[in-house]
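Some notes on the structure that comes next.
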Amino acid sequence: MCPWTFIEGAFLPPSRKAPLPEGQTLLTIEEETFMRRILYDPVAYALIAVAEARPKYPGLSLEESALKFVALHMKCFNTKNTPIQAEKYRANYEAFRKRATLYRSMTVVSEGEVQDETFLQLCKEWEIASGNKQGGVSGLVHLPRID
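Numbering-wise (the UniProt record's numbering), the sequence shown opens with residue 1 and increments by one.
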């Protein structure tokens with residue numbers, strides 16, 4: 001539910017990317033200007049994704065789940081990723097997203113007609129997500145080195 005979905009024609013405001021002052025580069029501009037130029041769009045889209053997904057990863061608080069979700073979203077949709085990095089970050093993001101929204105799926109399945117295979121699959125995914133060795137969050141946030 002985005003606020004602009006209720007107002008016809010509403011959209012996310014465009015980022016304010018004024019031209020750099022003469023003689024300055026991205027390395028020499030002020031922090032606030034840098035953040036507006038570089039981070040405005042990725043952070044805005046990540047926050048919208050958090051609002052839509054409402055993640056709650058097993059074993060993490062709501063704040064930690066939201067922060068990890070934002071981090072993975074920004075890594076996944078970084079335009080400077082190589083194709084290999086983009087693919088791996090996309091897989092990590094999708095795995096985190098699926099596990100962080102399991103609470104909704106399990107509630108819906110358990111309240112309706114119990115479909116044994118679906119419910120067992122969700123339970124296995126929950127065990128992986130809440131286990132420290134196999135499904136920890138750190139494996140999703142950091143990519144292994146590619147040599």
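For every residue, glycine included, the Cβ atom is placed at its ideal position computed from N, Cα and C. Nothing here was measured: the structure is a model prediction, and the numbers come from that model.
query: How long is the line joining the alpha carbons of Gly23 and Leu39, rounded to whole angstroms?
result: The residue you call residue 23 lines up with position 23 of the sequence shown. The residue you call residue 39 lines up with position 39 of the sequence shown. Distance between the alpha carbons of Gly23 and Leu39: 22 Å.
- prompt: Are the segment 27 to 43 and the segment 86 to 99 in contact at 8 Å, needing three or more beta carbon pairs?
  reply: no
task: Please determine if the segment 93 to 108 and the segment 52 to 61 are in contact, where contact requires at least 3 C-beta pairs separated by less than 8 Å.
output: yes
message: Does Ala129 come out as helix, strand or coil in the three-state DSSP assignment?
response: As a working mapping, residue 129 is identified with position 129 in the sequence shown. Ala129 falls in the helix class under three-state DSSP.
field: Alpha-carbon to alpha-carbon, Ala49 and Gln121
entry: Mapped onto the sequence shown, residue 121 falls at position 121. Mapped onto the sequence shown, residue 49 falls at position 49. The alpha-carbon atoms of Gln121 and Ala49 are separated by roughly 25 Å.
task: From the DSSP output, in three-state form, read off Lys75 for me.
output: Against the sequence shown, residue 75 aligns to sequence position 75. Correct three-state label for Lys75: helix.
field: Best match in Thr82, Asn81, Asn92, Lys80 for proximity to Phe69 [C-alpha to C-alpha]
entry: Position 69 of the sequence shown, counted from the first residue, corresponds to residue 69. The option with the nearest alpha carbon to Phe69 is Asn92.
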